[in-house]
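Visitor: Sending over a structure as structure tokens; questions will come in a sec.
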Amino acid sequence: MKQFLENLSQDFTQLLDNVYDYNVVIEVGDQSNNEIFKAHSAILYQRSSYFREILTATKKNSMFKFKLTDVPVEFFKIILKYIYGGVVHLEEFKDSTLFDLLIHTEKFNLTELVEYIQSLLIDNHSTWLRSNFFLIYQKCFHNENFKALVQFCNDYLNENPAEIFKSGDVKTLEGDILIMLLKNDELEIEESEIWDKVILWGKEKTSNLPPKLEDWTEENFKSLKATLQNCLPYIRYFQISGKNVLTKLYPYRSILDEIIWFDILAKNIAPEDMPITSEVLPPRKKTSNSSQESTIIEPSSSIITLPHAAEISSWIDRRSTAYEIAEVPYKFKLLLRGSDHGFTSETFHERCDNIPGTVVIARDRATNEIVGGYNPLIWKADGRSSFAETDDSFIFSLKAENSILSRVSNALEAIYHGSPTSPGPWFGIDDLGMRSSKRWHYGKRAYDVQIKDSTGRFSVDEYEVFQICRI
């Protein structure tokens with residue numbers, strides 16, 4: 001049997017141009033960008049169950065007319081051409097645009113095209129998928145049509161649970177995904193950090209909680225406990241050190257069952273004399289990825305993940321695409337962590353001065369946004385206000401979708417030293433830096449792209465400085 005599919009495809013596609021005997025008018029797009037498309041009900045009916053349902057439910061006079069205000073015009077052109085001719089050209093599409101097209105394509109129940117776009121993303125844009133794990137997982141997890149992407153995310157989740165859990169975006173996860181993470185015995189993170197993330201997630205999912213803990217009522221704690229009731233059983237409480245029990249668990253002790261709180265105290269006060277009646281979950285195991293992380297990030301970071309390190313390394317080397325984790329040519333050697341060494345300017349200069357090639361990373365207390373910068377030169381505090389010149393410094397904001405890179409636009413004023421108003425690390429004239437302890441500042445002066453939604457002061461709850469060493 002001989003099939004003449006190419007000519008058939010061309011003939012049907014030409015119907016979009018000459019619209020012979022059309023009987024469907026579709027207004028596509030919003031007020032800022034819209035277009036009228038003319039089509040044929042028989043083709044739409046046969047090729048798309050979405051259109052089949054609409055056409056069946058619409059009373060026909062001489063013409064079918066309806067609007068699709070939530071679909072971008074450019075996407076609908078691609079979708080309509082596929083419906084008529086079975087042809088798409090998507091190989092050159094940007095990763096985020098391709099994913100957006102996938103979401104809109106799925107609405108029309110075009111299974112073949114949905115599967116093809118998923119395969120393109122997995123085969124050609126896997127680094128972007130990993131960097132935007134939370135976005136992909138949230139939009140695909142409960143959709144049966146996105147099985148390939150969900151499987152990709154599940155594989156990545158199983159291989160990199162710690163990296164995913166350490167991300168500030170963990171608060172966006174749905175409860176069943178968070179519980180799946182908590183059940184993982186190979187979640188290679190300090191248990192106190194896991195507790196922090198669970199509390200952060202619980203606050204995000206519980207309404208009407210006062211911003212300050214000292215203002216919470218008994219009802220507020222009950223609400224948080226109800227939100228976290230399915231998560232709390234999977235915390236390894238007895239792997240949390242005494243100091244962290246006091247500083248992290250104690251403020252939230254009322255959300256724990258009395259017997260668990262008593263056993264936690266007993267384990268820390270009289271571990272050999274008091275029997276523990278609560279279930280004791282085993283310590284989490286080390287994974288192969290933990291050794292990979294120790295090769296790249298030494299010791300492990302409280303803020304950034306391996307994909308973040310790969311992204312920053314790519315910016316340092318001015319690559320157009322991010323390194324795969326296995327390709328990263330640098331080691332991130334920790335010089336300072338605020339929660340361990342202190343947040344003072346004196347500590348920064350004692351530990352970081354005169355060391356070339358450093359990355360400074362800070363986490364915004366209010367938004368969990370991760371911002372930072374790369375200084376290829378040294379830091380110094382010689383008592384004089386001065387600028388250091390370089391074309392290679394940059395600042396950034398790490399995001400779940402499309403991190404922001406801002407390269408220096410005024411090389412003469414790339415790095416700032418010595419001002420009393422900027423005692424710690426400072427990028428640019430007034431761009432990004434430490435004003436005093438946990439008080440930081442962001443403005444847009446010497447770097448080309450804005451990395452935060454608003455300028456001015458902000459507070460950080462953690463910051464780290466790494467020396468970048470070529471492996």
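As numbered in UniProt numbering, residues 1 to 471 make up the sequence shown, in order. Even for Gly, the Cβ is constructed at its ideal location relative to N, Cα and C.
1) Decide yes or no for the touch test of the segment 438 to 449 against the segment 326 to 333: beta carbon pairs closer than 8 Å, at least 3 of them.
2) Return the first residue and the last residue of the beta strand (DSSP E) that F396 is part of.
3) Can you tell which of F134, T69, I395 and K139 has the C-alpha that lies nearest to the C-alpha of Y156?
4) With contact counted as at least three CB pairs below 8 Å, one residue from each stretch, are the segment 158 to 175 and the segment 346 to 356 in contact?
5) State the DSSP-derived secondary structure class of G338, mapped to helix, strand or coil.
6) Contact criterion: CB-CB distance below 8 Å. Does K67 meet it with respect to chain B?
7) Can you tell me whether Y20 is buried or exposed? The criterion is at least 16 other CB atoms within 10 Å of its CB, across all chains shown.
8) Using a Cβ distance threshold of 8 Å, determine whether the segment 224 to 242 contacts the segment 182 to 196, with at least three qualifying pairs required.
9) Exposed or buried, what is M63 when buried is set at 16 or more other beta-carbons lying within 10 Å of its beta-carbon?
10) If contact is defined by three or more beta carbon pairs under 8 Å, each pair taking one atom from either stretch, is the segment 451 to 466 in contact with the segment 409 to 416?
11) Contact check, R384 vs G418 under 8 Å by CB: the rounded distance?
12) Determine the burial state of G29: buried for a count of at least 16 other Cβ atoms within 10 Å of its Cβ, exposed for fewer.
13) Kindly indicate which three-state DSSP category P420 falls into: helix, strand or coil?
14) Quick check on this structure: which residue in R407, V360, G433 and L432 has the alpha carbon closest to the alpha carbon of I468?
15) Heavy atom of the ligand FAD less than 7 Å from the Cβ of E204, yes or no?
16) Between the alpha carbons of D391 and S300, how many angstroms are there, rounded?
17) Quick check on Q31: does DSSP put it in helix, strand or coil?
18) In the DSSP assignment, what are the bridge partners of Y234?
19) Out of K203, P423 and V150, which one is the CA nearest neighbour of T367?
20) With DSSP collapsed to three states, give me the class of M63.
21) Using C-beta distances below 7 Å, list every residue in its chain close to V245, excluding the 5 sequence neighbours before and after it, in chain order.
22) Who are the near neighbours of L224 in its chain, counting only those whose CB is closer than 6 Å to its CB and skipping five residues on each side?
Guide: In terms of the structure at hand:
1) no
2) Residues F394 to L398.
3) F134
4) Touching, no, given that fewer than three Cβ pairs across the two stretches are closer than 8 Å.
5) Taken through DSSP and simplified to helix, strand or coil, G338 comes out as helix.
6) No chain B appears in this structure, which consists of one protein chain only.
7) exposed
8) yes
9) It counts as exposed.
10) no
11) 5 Å
12) Answer is buried; the Cβ neighbour count reaches 16.
13) Unreliable placement is indicated for P420, whose pLDDT of 49 sits below 50; the coordinate value is still reported in the next sentence. Coil at P420, not helix or strand.
14) V360
15) Absence of the ligand FAD from the depicted structure is noted, as is the absence of any ligand whatsoever, leaving it without description.
16) 29 Å
17) Here Q31 sits in coil by DSSP.
18) BP columns for Y234 are empty, so no partner.
19) K203
20) coil
21) I264 and N268.
22) Here the set comprises G202, T206 and I255.
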